[in-house]
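K.L.:
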Amino acid sequence: MTQSIRARYEAAHDEGRPLIGGHRGNPAENPENTMRSFRSAIAAGCDLIECDVHLSSDGRLVVIHDHTLDRTTNGRGLVRDFTAAELRKLDAGEGEQIPLLQEVIELALGKVGLVIEIKQVPPLYQGLEDKLMNMLRQLGAVPECAIVSFNHTAIHQLRKMEPSLQLGILEGARPMHPAKMLREAGADVYSPHWGATDPQLVQEVHGAGGAVAVWPVDDENAVAWCKYCKPDSVFSNRPKEVGPALRN
Ligand code: G3P
Ligand code: CA
């Protein structure tokens, strides 16, 4: 069923449950950030899938977590130094390719909400935001996607480009005024590490009209803390186990 990502958040809120997101797909059972991992997360019943995006040397949006190839592929060096065609020849684990973002969007449309993390942390990618917006618009994917980043300035820039897009700011620490940060960036979703979350934070963000999305919720402690704090969405590397644990 086609549903906007905003509608997914509203429906889950009305039902009193968090949305479950497959963080890098379902990497507990598949190579992370691969088509197989995303398909597996969708089959596991995730409401959302999350992926990480970089730019190739020829300006294509590609899906991989690190700035370098070394950890997750059989390549070496920086992602930005290779063309998309060169990157596609690499093994991203168990014979999987590095996906193009377009493939992941096309997989997600009509099935799950897609959360796209832009890796706009140094070394920065010039023009990434423009390319991403053009792609989302061309594919009619704006309502079903969210863009998130640790680079809050990039999120602010995207807000000026597209008022209707769901945007999220990532944060590793517990700031004094999360709602102020959310407002300043023009974002809808405040997205902290689960350990940097508490009920007061959730209340403050809700009071400002925002939603809270936590990551990476992978063990019993994190699940218990989420049940206590009640964020709006939870991203896990083990969505098959964590999803049912949080829904019950
Ligand atoms: O969803 C946010 C989270 O993915 C940020 O951390 O390093 O896993 O991309 P990272
Ligand atoms: Ca990420």
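Using this note's numbering, read the sequence shown as starting at 2 and increasing by one per residue. C-beta atoms are modelled at their ideal positions from N, C-alpha and C, and glycine is treated no differently. Computed from a prediction, not measured in an experiment: that's the story for all the values here.
Does the distance from the C-beta atom of L140 to that of I99 stay below 8 Å?
P.N.:
Contact: no.
K.L.:
Scan the segment 149 to 197 and note each continuous beta strand (DSSP E) run of 3 residues or more that stays entirely inside, going in chain order.
P.N.:
Entirely contained in the segment 149 to 197, the beta strand (DSSP E) runs reaching 3 residues are, in chain order, 167 to 172 and 190 to 193.
K.L.:
What number of angstroms, rounded off, separates the C-alpha of P19 from the C-alpha of P193?
P.N.:
C-alpha separation (whole angstroms): 15 Å.
K.L.:
Checking 8 Å against the spacing of the C-beta atoms, do V190 and A212 come in under that value?
P.N.:
Contact: yes.
K.L.:
Would you kindly work out how many angstroms separate the C-alpha atoms of K120 and L102, rounded to a whole number?
P.N.:
Using only the alpha carbons, I get a separation of about 13 Å.
K.L.:
In chain order, what residues of the same chain have a beta carbon less than 6 Å from the beta carbon of T84, not counting five sequence neighbours either side?
P.N.:
These residues qualify, in order along the chain: S57, S58 and D59.
K.L.:
Should N34 be labelled buried (16 or more other beta-carbon atoms within 10 Å of its own) or exposed?
P.N.:
It counts as buried.
K.L.:
Could you check whether the Cβ of S192 sits closer than 7 Å to any heavy atom belonging to ligand 1?
P.N.:
Answer for S192: yes, Cβ within range of ligand 1.
K.L.:
Relative to the alpha-carbon of R184, which residue among E242, H157, G76 and I21 has its alpha-carbon at the smallest distance?
P.N.:
Nearest C-alpha to R184: H157.
K.L.:
Taking only three categories from DSSP, how would you classify V113?
P.N.:
Residue state, collapsed to three classes: coil.
K.L.:
Closer than 8 Å is the cut-off here; do at least three beta carbon pairs connect the segment 107 to 114 with the segment 130 to 145?
P.N.:
Touching, yes.
K.L.:
For K241 and M36, I'd like the C-alpha separation in whole angstroms.
P.N.:
Going by the C-alpha atoms only, they are around 17 Å apart.
K.L.:
Could you tell me if the beta carbon of D53 falls within a distance shorter than 7 Å of some heavy atom in ligand 2?
P.N.:
Yes, the beta carbon of D53 sits closer than 7 Å to at least one heavy atom of ligand 2.
K.L.:
By how many angstroms is the C-alpha of F236 removed from the C-alpha of A225?
P.N.:
One C-alpha to the other measures close to 14 Å.
K.L.:
Check for me: the beta strand (DSSP E) holding F1 runs from which residue to which?
P.N.:
This structure leaves residue 1 out entirely; the chain is present only between 2 and 249.
K.L.:
Here's a check: name, in chain order, each residue in its chain whose Cβ is nearer than 8 Å to the Cβ of R9, leaving out the five neighbours to either side.
P.N.:
Only L20, D48, L49 and G114 meet the Cβ criterion.
K.L.:
Identify which residue in L159, L202, K161 and R160 has its Cα closest to the Cα of E172.
P.N.:
Of the listed residues, the one whose Cα sits closest to E172 is L202.
K.L.:
Does the separation of the CB atoms of L247 and C230 fall below 8 Å?
P.N.:
Cβ atoms of L247 and C230: not closer than 8 Å.
K.L.:
Based on DSSP bridge pairs, tell me the residues matched to L20.
P.N.:
L20 is bridged to S234.
K.L.:
Would DSSP call D82 helix, strand or coil?
P.N.:
In this structure, D82 counts as helix in the three-state DSSP scheme.
K.L.:
Please list the terminal residues of the continuous beta strand (DSSP E) segment that includes H207.
P.N.:
Premise fails: H207 lies in the alpha helix (DSSP H), P200 to G208, not in any beta strand (DSSP E).
K.L.:
Would you say M208 and A180 are within 8 Å of each other, going by their C-beta atoms?
P.N.:
The displayed chain sequence assigns Gly, not Met, to residue 208. For G208 and A180, yes; Cβs fall inside 8 Å.
K.L.:
Would you report the Cα separation of G96 and E221, rounded to the nearest angstrom?
P.N.:
Rounded to the nearest angstrom, the two C-alpha atoms are 32 Å apart.
K.L.:
Keeping to the same chain, check which residues put their C-beta closer than 7 Å to that of P28; ignore five residues upstream and five downstream.
P.N.:
Cβ neighbours of P28 beyond the five flanking positions: S38 and N238.
K.L.:
Just list the residues that DSSP pairs E118 with in beta bridges.
P.N.:
For E118, which the question treats as bridged, DSSP gives the partners D53 and V149.
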